[in-house]
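Colleague: Would you mind keeping the following structure in view while I ask a few things?
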Amino acid sequence: MENLVQAFPVFLLTLCRITAFFVAVPVISSRGVPNHFRVGLAFFVSVIAYLLFGIGKAVPTDGMFIIFIVREVLIGLLIGFLAQLFFTAVQTAGSFVDIQIGFGIANVIDPLTGATSPVMGSFKYVFVVLLFLGMNGHHYFIDGIMRSFEWLPLDENTFFAQIANGLVSEFLVKSFAQAFIIAFQISAPLIVALFLTDVALGFLARSAPQFNIFVVGMPLKLIVGLVMLLLTVPSLIYVLQQLFSSMFEALDQLLRMMQGAG
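Just so we're aligned, residue 372 is where the sequence shown starts under this note's numbering, counting upward by one.
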């Protein structure tokens, strides 16, 4: 019984970190994943994490325990938020394209998040999720949160000192900028093609004023956009693989930084 009393606080901290991670991380946190599955997955992963990293650990059980809980929740949310940031870049790229192609006025309800999202953004987001699952990316997520217990042990409390020096916040801002650049790279081919289509329509309007450019331009831009999307799918796969590599590298850097080694 005494061993159980000592083990329960450590297991609870493990559960808090992993549950917070699953609440924020892409794919697993989507509304399409049942809550009971998410809770069950968090529980069983926490059991494994406790058996690997929690046995023999000692944490305070007084008022400091609340601070340790807040620490674990923040660690899980930060790791999940950073991964979510790179996935959001795909929807941002879709928003850029929607403005040019004319889909900006026709937002749809995203079944993964429950919020309104652009048409092309939803398509690309589903595409990136399928590609991510196809390459077993969710395994890397679970591996990442498990390795976080090596970089940030449960019985150490240097996390808040690393947050206070501002390096983590600066890194998150840089990661946001990197995700925005990747979003522009994903959408650049379609944006350029649609811009050239607008230029051609402008010349047509000047040379043949009798044409109703609005009637002709909307379906033409739609056709050009869909054809370009079809042609750029192979290169899109390459860019998304680079996106995943950047995301996993950023997660590794974040863990090192929160530990104080980066």
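Using N, Cα and C, we set each Cβ at its ideal position, and we do this for glycine too. This structure is a prediction, so every number in the text was calculated from the model and none was measured.
Give the C-beta separation of I425 and V381 to the nearest angstrom, bearing in mind that I take them to be a contact with Cβ-Cβ under 8 Å.
Modeller: Taking the sequence shown and counting its residues from 1, the one referred to as residue 425 is at position 54. Taking the sequence shown and counting its residues from 1, the one referred to as residue 381 is at position 10. The residue asked about is misnamed: residue 425 is Gly in this sequence, not Ile. G425 to V381, Cβ: 5 Å. Contact.
Colleague: Are the beta-carbon atoms of M628 and L525 separated by less than 8 Å?
Modeller: Taking the sequence shown and counting its residues from 1, the one referred to as residue 628 is at position 257. Taking the sequence shown and counting its residues from 1, the one referred to as residue 525 is at position 154. No, they are not a contact pair.
Colleague: Output the distance between the C-alpha atoms of T390 and L423, rounded to the nearest integer angstrom.
Modeller: Within the sequence shown, numbered from 1, the residue matching residue 390 stands at position 19. Within the sequence shown, numbered from 1, the residue matching residue 423 stands at position 52. Approximately 17 Å, taken between the alpha carbons.
Colleague: Of the residues I446, I437, V430 and P397, which one's Cα is nearest the Cα of I534?
Modeller: As a working mapping, residue 534 is identified with position 163 in the sequence shown. The candidate whose alpha carbon is nearest that of I534 is I446.
Colleague: By how many angstroms is the C-alpha of L386 removed from the C-alpha of G427?
Modeller: Translated into positions along the sequence shown, residue 427 becomes position 56. Translated into positions along the sequence shown, residue 386 becomes position 15. Distance between the alpha carbons of G427 and L386 is about 17 Å.
Colleague: Measuring straight from C-alpha to C-alpha, what distance separates A621 and T568?
Modeller: To locate residue 621, count along the sequence shown from 1; it is residue 250. To locate residue 568, count along the sequence shown from 1; it is residue 197. Rounded to the nearest whole angstrom, the CA to CA distance from A621 to T568 is 37 Å.
Colleague: Whole angstroms is fine: what's the gap from V396's alpha carbon to V570's?
Modeller: Position 25 of the sequence shown, counted from the first residue, corresponds to residue 396. Position 199 of the sequence shown, counted from the first residue, corresponds to residue 570. C-alpha separation (whole angstroms): 41 Å.
Colleague: When DSSP labels each residue in this structure, what does P590 get in the three-state scheme?
Modeller: As a working mapping, residue 590 is identified with position 219 in the sequence shown. Looking at P590 - three-state DSSP - the assignment turns out to be helix.
Colleague: Quick check on the burial criterion: 16 or more other C-beta atoms within 10 angstroms. Buried or exposed for T459?
Modeller: On the sequence shown, position 88 is the one that residue 459 refers to. Its Cβ being crowded by 16 or more others within 10 Å, T459 is buried.
Colleague: Contact between the segment 610-621 and the segment 581-593: three or more CB pairs below 8 Å?
Modeller: no
Colleague: Could you give the DSSP three-state label for A579: helix, strand or coil?
Modeller: For this step, residue 579 is matched to residue 208 along the sequence shown. Of the three classes helix, strand and coil, the one that applies to A579 here is coil, per DSSP.
Colleague: In whole angstroms, what is the alpha-carbon distance linking V461 and V441?
Modeller: Residue mapping note: residue 461 aligns to position 90 of the sequence shown, counting from 1. Residue mapping note: residue 441 aligns to position 70 of the sequence shown, counting from 1. C-alpha separation (whole angstroms): 31 Å.
Colleague: Per DSSP, what kind of secondary structure is V514 in: helix, strand or coil?
Modeller: In the sequence shown, residue 514 corresponds to position 143, counting from 1. A small correction: the amino acid at residue 514 is Asp; Val does not occupy that position in the sequence shown. Of the three classes helix, strand and coil, the one that applies to D514 here is helix, per DSSP.
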